[in-house]
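Just so you know, the sequences run in chain order A and B. By our numbering, the letter at position 61 of the first sequence is numbered 61, and the numbering carries on one by one without gaps. Throughout, our numbering is defined as the position within the second sequence, counted from one, plus 131.
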Amino acid sequence: MKKYLLCFLIAAFVTGLSSAENRKPITWAKIKKLEESMEVWAKKVGDADLIKIGKIQQRPKEIKVIRAFFPYLLPQGFFSRQLDLSCYPSFHQFRTKVTIENYTKWKSCVKGLYGENPPELTKQALKSLRP
Amino acid sequence: MSFCPTLVLGHNKVVRVKTLCIFLFLQISNLYGGEVVPDHSYRVSNGSIETTSGDILRPGEFIKVTRTHQGWAYAFQRLDRYLRPTGSLLYASQPWVERAVVDLSIEEIIRMVQGAGDIVEESVSPRVPCPPASDGVIDDTIAALILESVVEEQTQTGAVARSLRPVPRPTPTPAATVAPNSEESFAPLTSPRPVMRPPNLGASDLSSFIFKSPAEADSYFACYKNSRDLHLDYETRYRTSIRRMARAYGQQTGGSVPQDDVTTLMSCLIFRESAQWRGGSSSTGALGLGQFTETAREQVRNILSYNPGRTRSFDDRAAEQRAENTAGRITNNTLRRNLSLIEAERENHDRKVALQELWSSIPMTDRPSASEINSSFVGNNDNHEAVIAMSALVLRNCQIRMEQDNIEMDPRTSLLACAGAYNMGVGGFQDNAIVRNGAQSLDGWINNLKNSGDSQSAETRNHLVSVNRCISDGENFPPCGTQANYCTALRMANPCTHGADPRCVGECQ
Numbered sequence: 001m002k003k004y005l006l007c008f009l010i011a012a013f014v015t016g017l018s019s020a021e022n023r024k025p026i027t028w029a030k031i032k033k034l035e036e037s038m039e040v041w042a043k044k045v046g047d048a049d050l051i052k053i054g055k056i057q058q059r060p061k062e063i064k065v066i067r068a069f070f071p072y073l074l075p076q077g078f079f080s081r082q083l084d085l086s087c088y089p090s091f092h093q094f095r096t097k098v099t100i101e102n103y104t105k106w107k108s109c110v111k112g113l114y115g116e117n118p119p120e121l122t123k124q125a126l127k128s129l130r131p
Numbered sequence: 132m133s134f135c136p137t138l139v140l141g142h143n144k145v146v147r148v149k150t151l152c153i154f155l156f157l158q159i160s161n162l163y164g165g166e167v168v169p170d171h172s173y174r175v176s177n178g179s180i181e182t183t184s185g186d187i188l189r190p191g192e193f194i195k196v197t198r199t200h201q202g203w204a205y206a207f208q209r210l211d212r213y214l215r216p217t218g219s220l221l222y223a224s225q226p227w228v229e230r231a232v233v234d235l236s237i238e239e240i241i242r243m244v245q246g247a248g249d250i251v252e253e254s255v256s257p258r259v260p261c262p263p264a265s266d267g268v269i270d271d272t273i274a275a276l277i278l279e280s281v282v283e284e285q286t287q288t289g290a291v292a293r294s295l296r297p298v299p300r301p302t303p304t305p306a307a308t309v310a311p312n313s314e315e316s317f318a319p320l321t322s323p324r325p326v327m328r329p330p331n332l333g334a335s336d337l338s339s340f341i342f343k344s345p346a347e348a349d350s351y352f353a354c355y356k357n358s359r360d361l362h363l364d365y366e367t368r369y370r371t372s373i374r375r376m377a378r379a380y381g382q383q384t385g386g387s388v389p390q391d392d393v394t395t396l397m398s399c400l401i402f403r404e405s406a407q408w409r410g411g412s413s414s415t416g417a418l419g420l421g422q423f424t425e426t427a428r429e430q431v432r433n434i435l436s437y438n439p440g441r442t443r444s445f446d447d448r449a450a451e452q453r454a455e456n457t458a459g460r461i462t463n464n465t466l467r468r469n470l471s472l473i474e475a476e477r478e479n480h481d482r483k484v485a486l487q488e489l490w491s492s493i494p495m496t497d498r499p500s501a502s503e504i505n506s507s508f509v510g511n512n513d514n515h516e517a518v519i520a521m522s523a524l525v526l527r528n529c530q531i532r533m534e535q536d537n538i539e540m541d542p543r544t545s546l547l548a549c550a551g552a553y554n555m556g557v558g559g560f561q562d563n564a565i566v567r568n569g570a571q572s573l574d575g576w577i578n579n580l581k582n583s584g585d586s587q588s589a590e591t592r593n594h595l596v597s598v599n600r601c602i603s604d605g606e607n608f609p610p611c612g613t614q615a616n617y618c619t620a621l622r623m624a625n626p627c628t629h630g631a632d633p634r635c636v637g638e639c640q
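What follows is the structure, given as structure tokens:
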């Protein structure tokens, strides 16, 4: 019994550490670096292949990042491009001028699209970037 | 940390041999089991498949089965050599279904599994380069998401090389073949129209749904009403508001979305949302006939308070950005970003203007301003005209968004999809139900929702099934979680004995 309890505690500790790691805040500095690397990545892949990637069942993680923060890198014809772009103006405005008002506009746009359940990265960003 | 391996699914040869043995076992057991698994890909190996559109799929072609029905899979999509879906959904023709059996020999299975290894690898590894080595910026949060994506990828690719061995469909049940006007028919007694439908095909199997007429929908509401008083409220008050709204809605779309379809869909949607015209509040804070949450109210307020006045056109702004780029004052990336911003603003503008026009064209005795739309307003059923118009805005907003994203759906399918989005949000529904394969049928959405892992998936599935049962001309299955106590005008079908498909979560178990 003690063995099981010990195993359980160790597992809980490791899981806790792992989720704490996963909940690292997203900062503007990280977003800036991500943007640079995503621009390079999107250019290397090329528009034609990006469209193909949009159609396959599993997409690379870069697509999740691009969809959340830099949808302008998605080419015309990419599945969900227009949807992803629709909150980009408010996000960009918030990024340019970090105020509570701009944050609220961006959050409101995201909630209008996804209700209470936005994609994980966006959810994290909403939490971390709140002024 | 390098993320490159997560993008490539190459298997080494040793693994391949082992996998081949496992596959072989699976294929042989599958062959004798006669199972065809939905959402998996197959190759036509022996014989050909005739489709309802007159196409013939010949040996060697790949297809992805999208659903199974009573043990027989007949809706599928053509795949190219990289196993990517091409074209729209195809349906096996009824005569072919009745006579065809496509068999595979063991030799063919071996060949297919061996051959598919390469195809699988190619199909999921579209030459994606690694990000630059210096990018320590993608933290472990994102890495966790990547790994999760790859696990999904590996699970699914394991199912690609399988055998297609359809089994003949069961003989149609007597209930499905009786004359429309006979005692055994499930047509509403008040229906002026026969409910002829191809035998064994549910409405959800068709690319275009067969809607009830508004009069038939009324019979459905009478059967599944919550109480006589609430039903009376519908008959004396809400029905007129819904029909007026639907007329304006149909006119705005230039008739491409028929008024009667909007009437039926919106009646069924509000019937479902309001718990059979009750309204009130839910545990999530949703209020009234349209069950508007604070988020949804804010969405409507944003649309209504949008100021379209603009001194410079979007085209001028775009031209200016191009000139800046030509003069070397902004980089290509900045140009791309700025043009996308202008494009997004233009689409948001066009959509909001169209929605404001719809709002103005819906007749209302007392039209609220944006600031008046608060919780007490939407929670009051006396404001049914405005609340129904608000629901119409949410529905139309979704339809316009799907048009802007070039999701090709016929208007009826798109109406039902937007009823799903009403529950989940258009972004959530597009991501979780339509997702990458562009599913265009109820079964496709239900399947995708099941596999999405989204916390709201079960609720949205029940919502979709309920609205579909209400709008679909035919069997009149009950909304999920309800029973009929007052039925006088309509013969109802029991979903557990009449093979309702798709079913509510946990139904008939």
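For glycine and all other residues, C-beta sits at the position ideal for the given N, C-alpha and C. These numbers were taken from a predicted model, which means no experiment stands behind them.
Who pairs with residue i in a beta bridge, going by DSSP?
i: F342 (chain B); result: B:S603
i: L210 (chain B); result: B:F193 and B:P216
i: E181 (chain B); result: B:I187
i: L418 (chain B); result: B:S412 and B:F423
Need the endpoints of the beta strand (DSSP E) that residue i sits in, please.
i: T217 (chain B); result: P216 to Y222
Tell me which residue opens and which closes the alpha helix (DSSP H) that residue i is part of.
i: W576 (chain B); result: L573 to S583
i: Y98 (chain B); result: Beyond the ends of chain B as shown, which are 132 and 640, falls residue 98 (chain B); an answer cannot be given.
i: V393 (chain B); result: Q390 to E404
i: S128 (chain A); result: E120 to S128
i: A450 (chain B); result: F445 to T457
i: L621 (chain B); result: From DSSP, L621 (chain B) is part of no alpha helix (DSSP H); its letter is neither H nor E.
i: H515 (chain B); result: H515 to Q535
i: F560 (chain B); result: V557 to F560
Can you tell me the Cβ-Cβ gap for residue i and residue j, rounded? I've got them flagged as a contact below 8 Å.
i: G421 (chain B); j: S522 (chain B); result: 4 Å
i: Q407 (chain B); j: N464 (chain B); result: The pair is not a contact, with the Cβ atoms about 54 Å apart (cut-off 8 Å).
i: N554 (chain B); j: T591 (chain B); result: 5 Å
i: I519 (chain B); j: R482 (chain B); result: Incorrect: roughly 20 Å between the Cβ atoms, too far for contact.
i: G419 (chain B); j: G410 (chain B); result: 5 Å
i: N434 (chain B); j: L363 (chain B); result: In the sequence as presented, Asn is not what sits at residue 434 (chain B); that position holds Ile. Not a contact, Cβ separation roughly 32 Å.
i: V557 (chain B); j: C529 (chain B); result: 5 Å
i: S128 (chain A); j: I66 (chain A); result: Incorrect: roughly 18 Å between the Cβ atoms, too far for contact.
i: G551 (chain B); j: L595 (chain B); result: 5 Å
i: L83 (chain A); j: Q561 (chain B); result: 6 Å
i: L121 (chain A); j: K64 (chain A); result: 6 Å
Can you list the alpha helix (DSSP H) stretches of 4 or more residues lying completely in the segment 26-112 of chain A, in chain order? Complete alpha helix (DSSP H) runs here, min 4: 28-45, 47-55, 61-69, 81-85 and 88-96.
When you compare the segment 403-419 of chain B with the segment 593-606 of chain B, are there three or more beta-carbon pairs, one atom per stretch, that lie closer than 8 Å? The way I'd put it, the segment 403-419 of chain B does touch the segment 593-606 of chain B; three or more beta-carbon pairs between them come closer than 8 Å.
Which runs of the alpha helix (DSSP H) fall wholly inside the segment 466-508 of chain B and span at least 4 residues, in chain order? None, since the segment 466-508 of chain B contains no complete alpha helix (DSSP H) of that length.
Give a yes or no on contact between the segment 367-386 of chain B and the segment 568-581 of chain B, applying the rule of three or more CB pairs nearer than 8 Å. They do not touch, by the three-pair rule.
For the pair the segment 543-550 of chain B and the segment 60-80 of chain A, tell me if three or more CB-CB distances fall below 8 Å. No, they do not touch.
Is the segment 505-517 of chain B close to the segment 388-397 of chain B, with three or more CB pairs under 8 Å? Contact between the segment 505-517 of chain B and the segment 388-397 of chain B is absent, because fewer than three Cβ pairs lie under 8 Å.
Could you check whether the segment 471-479 of chain B touches the segment 80-95 of chain A, counting it as contact only if at least three pairs of C-beta atoms, one from each stretch, sit closer than 8 Å? Yes, the segment 471-479 of chain B touches the segment 80-95 of chain A.
Contact between the segment 40-50 of chain A and the segment 73-80 of chain A is defined here as three or more beta-carbon pairs at a separation below 8 Å; is this criterion met? Cβ pair count under 8 Å is three or more, so yes.
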